[in-house]
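Peer 1:
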Amino acid sequence: MKLEFRLLVVDDNPSSVDEAASELADYLSAKGFSFTRTNAEDLSDQGLRKFAKRSGRDFDLVIVDYHLGEGVNGAVAAGTIRNQLPFTDIIFYSSNNPKELLEELAKEEVAGVFVSIRTGLGDALRGIADTIISKAIDLNHMRGIAMSEVAEMDVMMEDLLTRVFASGDERFQPKAQRTLDKLLDSSRHKVDVVEPMARNGLILDAISNADIFGSAHKYMAVCRVAKALDVKPSEALDYLKSYETDVIRNRNTLAHAKEERDEDGQVTLRSIKKGENPTVIDDEWMVQFRGKLRDHRSALGVVCQSLDAYLQGRAAG
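Under our numbering, the residue at position 148 of the sequence shown is numbered 148, and the numbers go up by one with no gaps.
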């Protein structure tokens, strides 16, 4: 899984689970994860089958109400989803006694589904979510997730910069040259590659070259072009000022960490850089880092939306 926990709600009155879902969102946020919720719209057997087949694998957890309105049996719905998503966790809930819910599932021959009374749904959501994210919380597994998250943000920034600089908008051209000049200043060891790009204004060639245009260059270039907008996403830009410290440096620390186990088998990671004190990467460090990844990705999304909105408005005339 990623740092976003995704919940699918199958309920004809989805607002009835708002409190439980809010509790889950708060719990996940404290662990450094973001939360998204989707309410299924077509509750018919055919509608759920199509939706689960098309988008079901996007979700980490599915919850299904027993009473889905006139003529719609929640146990049948749970069976439809289970057939399409054999390895996704499902909670079947109602105000009915859990024993009755298990009996209904048995009638429909639906296996591997958790049951919960509606008043206990919040506890059930947190408990199962904790099991789902437990692998992601594992320190070594988290190393891979962190690398993946940063790589995805790199792709977001590169794609955005390509759209911005390929637009030919005059307000961005000074930013393109400034980006090339900054790249040249920091790449003297690769001057033969970078200097022709800077001299000829080949910004698109530069940003697509991962050997010379890394994460730090990308985030600084994104901030640089966003500042050229008349209506700037100021709050997001202010937050991204710490991107290099919060994301890039911590990613590098994590990449070079080695696993250590104490006498009780407790795992920690320790990163040692020449001339620096060792960094101990434990559960608390990971919670903070997950939160920083989540928040920086959110801020980056706001900046992308602002620039894309400007480009689309310009294209529309």
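In this text, a Cβ means the ideal position worked out from N, Cα and C, and glycines have one as well.
(1) Can you list, in chain order, the residues of its chain with a C-beta nearer than 7 Å to that of Leu293? Leave out the 5 residues immediately preceding and following it.
(2) Please classify Val231: is it buried, with 16 or more other beta-carbons within 10 angstroms of its beta-carbon, or exposed?
(3) Ile203 lies in the alpha helix (DSSP H); which residues open and close that run?
(4) Can you look up Asp192 in the DSSP assignment and give me helix, strand or coil?
(5) Counting Cβ pairs closer than 8 Å, one from the region 205 to 213 and one from the region 180 to 194, do we hit at least three?
(6) Distance check for Arg199 and Phe33, CA to CA, integer angstroms please.
(7) Would you mind reading off the limits of the beta strand (DSSP E) that contains Ile81?
(8) Around the C-beta of Val155, are 16 or more other C-beta atoms found within 10 angstroms, so that it is buried, or is it exposed?
(9) Ordered along the chain, which non-local residues of its own chain (more than five positions away) have a Cβ less than 6 Å from that of Phe354?
(10) By the DSSP assignment, the beta strand (DSSP E) with Arg6 in it spans what residues?
(11) Check whether the region 82 to 94 and the region 60 to 71 are in contact - that is, three or more C-beta pairs closer than 8 Å.
(12) In the DSSP output, what is Lys99 paired with across the bridge?
(13) Report the rounded CA-to-CA distance for Gly201 versus Ala176, giving the unit in angstroms.
(14) Helix, strand or coil: which one does DSSP assign to Thr131?
(15) What first and last residue would you give for the alpha helix (DSSP H) that runs through Tyr27?
(16) Would you mind working out which of Asp185, Leu161 and Val303 sits nearest Ser234, comparing C-alpha positions?
(17) If the criterion is Cβ atoms closer than 7 Å, does the pair Thr179 and Ala221 meet it?
Peer 2: Checking against the coordinates, here is how it stands:
(1) So the qualifying residues of the chain are Leu3, Ala146, Glu149 and Val247.
(2) With fewer than 16 Cβ atoms within 10 Å of its Cβ, Val231 is classed as exposed.
(3) That run of the alpha helix (DSSP H) goes Ile203 to Ile207.
(4) Taken through DSSP and simplified to helix, strand or coil, Asp192 comes out as helix.
(5) Flag = yes, the region 205 to 213 and the region 180 to 194 touch.
(6) Just so you know, the alpha carbons of Phe33 and Arg199 end up roughly 44 Å apart.
(7) Run containing Ile81: none in the beta strand (DSSP E); it sits in the alpha helix (DSSP H), Gly74 to Gln84.
(8) Exposed, because fewer than 16 other Cβ atoms sit within 10 Å of the Cβ of Val155.
(9) The structure shown has nothing for residue 354, since the chain only spans 1 to 317.
(10) It spans Glu4 to Val10 - the beta strand (DSSP E) in which Arg6 sits, taken as one unbroken run.
(11) Counting Cβ pairs under 8 Å, three or more are found: they touch.
(12) In the DSSP assignment, Lys99 is bridged to no other residue.
(13) Put simply, the backbone Cα of Gly201 is about 8 Å away from that of Ala176.
(14) Correct three-state label for Thr131: helix.
(15) Its alpha helix (DSSP H) spans residues Asp18 to Ala30.
(16) Val303 is the residue among Asp185, Leu161 and Val303 whose C-alpha sits nearest the C-alpha of Ser234.
(17) For the 7 Å CB-CB criterion, Thr179 and Ala221 form a contact.
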